[in-house]
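The structure appears below as structure tokens.
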Amino acid sequence: MVPATILDQISERSTEGLALALASPDDGAVMEIKWCNKAFSKITGHMFEEVLGQRGTVLIGPDLEHGVHLFIIEKLMNWENFQSEAMNNRKCGASYFQRMTWTHLTDPATGDRWWLCSIIDLGSKAGGASHEGYAAETTNGLDDNGVLLSKFHSLELENKRLHALATSVAQDANEDALTGLSNRRHFEVEVKSWIKRLKEEEREFAVLYIDLDRFKFVNDTLGHEAGDSLLVSVADILRELTDEEDLIARLGGDEFAILRPLGDSALSISGLADEIVQRLQAPFFCDGKSTATSTSIGVAIAKATSQNPERIVANADEALYHAKSQGKGRWSFFTEEMHIKSVATKKLATDLFAACDREEFIPYFQPIVDAQTGELACAETLVRWAHPSRGILPPAAFLDTAEQVGILKRLDAIVFSGLKSAMAAFDEAGVRLPRAAINVSAARLMDPTFIHDIRSSGIDPNRLTIEILESVYLDRLGDLVQWTIGELDEIGVHIALDDFGTGHASISGLLDIKPSILKIDRSFIQPIVEDSSKHLLVSSIIGIGKTLGMHVVAEGVETEEHARVVSRLGCNYLQGYHFGRPMSAQDLIELMLETEGVLWPAAKANSQTFKAETMDRAG
Ligand code: C2E
Ligand code: CA
Ligand code: CA
Numbered sequence: 103m104v105p106a107t108i109l110d111q112i113s114e115r116s117t118e119g120l121a122l123a124l125a126s127p128d129d130g131a132v133m134e135i136k137w138c139n140k141a142f143s144k145i146t147g148h149m150f151e152e153v154l155g156q157r158g159t160v161l162i163g164p165d166l167e168h169g170v171h172l173f174i175i176e177k178l179m180n181w182e183n184f185q186s187e188a189m190n191n192r193k194c195g196a197s198y199f200q201r202m203t204w205t206h207l208t209d210p211a212t213g214d215r216w217w218l219c220s221i222i223d224l225g226s227k228a229g230g231a232s233h234e235g236y237a238a239e240t241t242n243g244l245d246d247n248g249v250l251l252s253k254f255h256s257l258e259l260e261n262k263r264l265h266a267l268a269t270s271v272a273q274d275a276n277e278d279a280l281t282g283l284s285n286r287r288h289f290e291v292e293v294k295s296w297i298k299r300l301k302e303e304e305r306e307f308a309v310l311y312i313d314l315d316r317f318k319f320v321n322d323t324l325g326h327e328a329g330d331s332l333l334v335s336v337a338d339i340l341r342e343l344t345d346e347e348d349l350i351a352r353l354g355g356d357e358f359a360i361l362r363p364l365g366d367s368a369l370s371i372s373g374l375a376d377e378i379v380q381r382l383q384a385p386f387f388c389d390g391k392s393t394a395t396s397t398s399i400g401v402a403i404a405k406a407t408s409q410n411p412e413r414i415v416a417n418a419d420e421a422l423y424h425a426k427s428q429g430k431g432r433w434s435f436f437t438e439e440m441h442i443k444s445v446a447t448k449k450l451a452t453d454l455f456a457a458c459d460r461e462e463f464i465p466y467f468q469p470i471v472d473a474q475t476g477e478l479a480c481a482e483t484l485v486r487w488a489h490p491s492r493g494i495l496p497p498a499a500f501l502d503t504a505e506q507v508g509i510l511k512r513l514d515a516i517v518f519s520g521l522k523s524a525m526a527a528f529d530e531a532g533v534r535l536p537r538a539a540i541n542v543s544a545a546r547l548m549d550p551t552f553i554h555d556i557r558s559s560g561i562d563p564n565r566l567t568i569e570i571l572e573s574v575y576l577d578r579l580g581d582l583v584q585w586t587i588g589e590l591d592e593i594g595v596h597i598a599l600d601d602f603g604t605g606h607a608s609i610s611g612l613l614d615i616k617p618s619i620l621k622i623d624r625s626f627i628q629p630i631v632e633d634s635s636k637h638l639l640v641s642s643i644i645g646i647g648k649t650l651g652m653h654v655v656a657e658g659v660e661t662e663e664h665a666r667v668v669s670r671l672g673c674n675y676l677q678g679y680h681f682g683r684p685m686s687a688q689d690l691i692e693l694m695l696e697t698e699g700v701l702w703p704a705a706k707a708n709s710q711t712f713k714a715e716t717m718d719r720a721g
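Start counting the sequence shown at 103; every next residue gets the next number (our numbering).
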């Protein structure tokens, strides 16, 4: 080990000029000199204080050959050790022949990269320049001009080659390999420079954010090669529909973007969006198979008056989301209202996750009344969000978002466990609740643990009805759903088809699912009093249900008149505000105690008069 006191003397005594420079990790040619010894100052003429913080360029004098200069830069850039011998200048301008050697060092502690530069003064009369990689044997100057010239030529060639390589590397870094369009990185750089131009020269522009609607489906059904070839075709179509001035990029996956200068009229933007949607609607052919595709686009523009042009890409993305939510295969233009709405939806989504964790969802109950006796036949469980600051919220305030963020299943499970405690409360109060109905999402029906959850819930399956939306069962009656429904039937759970009449269920579909209950949607019930033509419609729905052996519930019974008419048409059960709005379990228990279990006192009288009238007519 050499003592530090000896090492310290190197700086003072060495006749070789030494300097240390800290380099940028990305580019070895970018550096800052941090230290030099006495000999270095003596040879170059730069004092320690002057050279501190300077870049390596202070060492390049006017007499240094351009070729050598280029050579030095290339080697530094690429972190290659090297040596050069050439004419250079001291600070005062006097020229001298020097040998410069560069060696790179790495600090193992920090990973910082340094250059050690050594300079030796070879006097003023040496023959000419030479420069070599470090490993090569060094010569003390070259006398032979021919050799020198050919060295310069090869250097020139090497330099050109490097230049070409650098350009192609830069291009690769900007290009999407599959489609040859710009990649996300390049797109982002361009957007930034367009924002700058907008601010400086008021050059306005638009961004179109494009997303294929069924790409995953194509990939899954036709394979990845077909997926790739679809992306290439899309890129070709986008090229065809755009101008020279537009920038087209593939941002990743099936997402593309176009940046287009905003001309005199926004028509060129909407026209382009229209054309893309139209062109990408045509079926896509691959290996003799065809598949339907469609595209959604979000459009945003950055105007000179825009408050926050930096948001343009995020805005186009929000508009895209809007286009998707409006049914896909279309384009939407970003508006401020959309932004406000999307901020609110995002907040709602976050709040919903927290609400799930805190189990803030509670079941409310709406009575379903037996049309013959007026007694409580069932209570429909309807979710409410007991929001910590906004009070009790109805499903319309959160159900769609809950579905979009994928927590409907969790929510249904929370409501289900709430139902269990509520049923226990009814039993404890001595109030007879023959059945409870719950609404389940399609996702819950496709969940194989659903049956297990019901079996292990402790709720008697013979007191349970599952309501399935007609639309849900129409779209998604897969094997798993069919199995679940079969199992439910097996253990005694009733199946009710909800909102019947709105989803156009076919009769054969009805036979597949064999619900024991049909719930006629309230839109058919409500006009029934004013419009007697609706009687026919409702009685034919009831007819279908009865023929298939089902019981029929009328929803949305709001008045005594409604109740009378629908029960006379043959509905078995009635549900609606007339008998009670959805309420907490405790409120329903109290209502039942007050009414002694009869929620529609006129039921018996009504059905008796009805029977008498029918007999009269028959007689
Ligand atoms: P739904 O299953 O058709 O429930 C009936 C809706 O009609 C309830 O709205 C109820 O308050 C309302 N309603 C009842 N009687 C009347 C009436 O006489 N007149 C009028 N105008 N409306 C009446 P709610 O509670 O807002 O529920 C809306 C929908 O949310 C439900 O429609 C159901 O599809 C869904 N939902 C409710 N709870 C849950 C749940 O726990 N899970 C799932 N997945 N969906 C639920
Ligand atoms: Ca329902
Ligand atoms: Ca309903």
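A virtual CB, placed ideally from N, CA and C, is assigned to each residue, including glycine.
One thing to note: Ala457 has its Cβ no nearer than 8 angstroms to the Cβ of Ile470.
Set against 7 angstroms, the gap from the CB of Glu569 to the closest heavy atom of ligand 2 is smaller. Between the C-alpha atoms of Gln111 and Leu172 there is a straight-line separation of about 35 angstroms.
Here Gln506 is not bridged, per DSSP, to any residue. Taking the Cβ of Asp514 as the reference point, every heavy atom of ligand 2 lies at 7 angstroms or farther away. The alpha-carbon of Asp389 is positioned some 21 angstroms away from that of Asp315.
DSSP places Gln710 inside the alpha helix (DSSP H), whose first and last residues are Ala705 to Ala720. About 22 angstroms separates the CB atoms of Thr395 and Val309; that is not less than 8 angstroms, and the two are not in contact.
DSSP lists Ser197 as the beta-bridge partner residues of Asn191. Using a cutoff of 7 angstroms, the CB of Asp601 counts as near ligand 3, since one of the ligand's heavy atoms is closer than that. In the displayed model, Gln383 falls within coil according to three-state DSSP, outside both helix and strand. Per DSSP, Leu218 lies in no alpha helix (DSSP H) segment; the continuous beta strand (DSSP E) that holds it begins and ends at Arg215 to Asp223. Less than 8 angstroms separates the beta-carbon of Cys673 from that of Val655. Per the C-alpha coordinates, the member of Ile630, Val631 and Trp585 positioned closest to Asp614 is Trp585. In this structure, DSSP gives Arg624 a helical state, which the three-state scheme calls helix. Within the region 352 to 402, complete beta strand (DSSP E) segments of at least 3 residues are found at 357 to 363, 386 to 388 and 391 to 393, given in chain order. Closest by C-alpha distance to Gly155, out of Lys136, Ile587 and Asp129, is Lys136.
Excluding five sequence positions before and after Pro703, the CB atoms of its chain that fall closer than 7 angstroms to its own CB belong to Gly476, given in chain order.
Between the beta-carbon of Ser220 and that of Glu118 there is about 5 angstroms, and that keeps the pair under the 8 angstroms contact cut.
In the three-state scheme derived from DSSP, where H, G and I count as helix and E and B as strand, Tyr311 is classed as strand.
Proximity to Pro536 across Ile516, Phe518, Lys511 and Thr567 peaks at Thr567, based on C-alpha coordinates. Counted as a single uninterrupted DSSP element, the stretch harbouring Asn564 is not any alpha helix (DSSP H), since DSSP gives it neither H nor E. For the region 130 to 162, the continuous beta strand (DSSP E) assignments of 3+ residues that do not extend past its boundaries occur at 133 to 138, in sequence order.
DSSP places Asp600 inside the beta strand (DSSP E), whose first and last residues are His596 to Phe602. Leaving aside the five residues that flank Phe386 on each side, the residues in its chain whose CB is nearer than 6 angstroms to its CB run, in chain order, Leu332, Thr393 and Thr395. Val668 carries a helical assignment under DSSP once its states are collapsed to helix, strand and coil.
Within the DSSP bridge table, the entry for Ser434 names Gly400 as partners. Leu495: member of the beta strand (DSSP E) spanning Gly493 to Leu495, first to last residue. If you look at Leu676, you'll find it in the beta strand (DSSP E) that goes Tyr675 to Gln677. Here Pro164 is exposed: its Cβ has fewer than 16 other Cβ atoms, across all protein chains shown, within 10 Å.
Annotation for Trp585: the continuous alpha helix (DSSP H) segment containing it runs Asp581 to Glu592. Per DSSP, Asp472 is one residue of the beta strand (DSSP E) stretching across Phe463 to Asp472.
Proximity of the beta carbon of Glu696 to ligand 3 is not indicated: no heavy atom of the ligand is located closer than 7 angstroms. A Cβ-Cβ separation of about 6 angstroms places Val517 in contact with Thr483 under the 8 angstroms criterion. Note on geometry: alpha-carbon atoms of Phe455 and Ser523 lie some 23 angstroms from one another.
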